[in-house]
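Structure record follows, encoded as structure tokens.
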Amino acid sequence: MATAKLCKQGDSIVLIIPATEADNVSLDKEYFVRIDGNGNISLITKLDNPFKTAKPGEFYEKDVWTGQV
1 MATAKLCKQG DSIVLIIPAT EADNVSLDKE YFVRIDGNGN ISLITKLDNP FKTAKPGEFY
61 EKDVWTGQV
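Residue numbers (UniProt numbering): 1 to 69.
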């Protein structure tokens, strides 16, 4: 198991991850950072908003609930 290191750079904290452990980490993406109560750090990929370029009604699905038994 590899280890990562934290260091301070200006007003930020930098997490240094060994390149050998970062096969699935993309340098051109943004990540949300979550730190839980135990100090575990999670990086969650920030996804593009699918509704930003959607056409009106593109994600509409017909309501199948009729209320009749």
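Where is the CB? At the ideal position from N, CA and C, for every residue including glycine.
Verify whether the separation of the beta carbon atoms of TYR31 and THR45 is less than 7 Å.
-> yes
Minimum C-alpha distance to ASP23 - residue among LEU6, LEU47 and ALA2 | ALA2
Would the beta-carbon of LYS5 fall within 7 Å of that of ILE13?
-> no
Provide the residue span of the beta strand (DSSP E) that contains ILE17, from first to last.
-> Per DSSP, ILE17 belongs to no beta strand (DSSP E) and is neither H nor E.
Pull up the DSSP beta-bridge partners for THR45, would you.
-> TYR31
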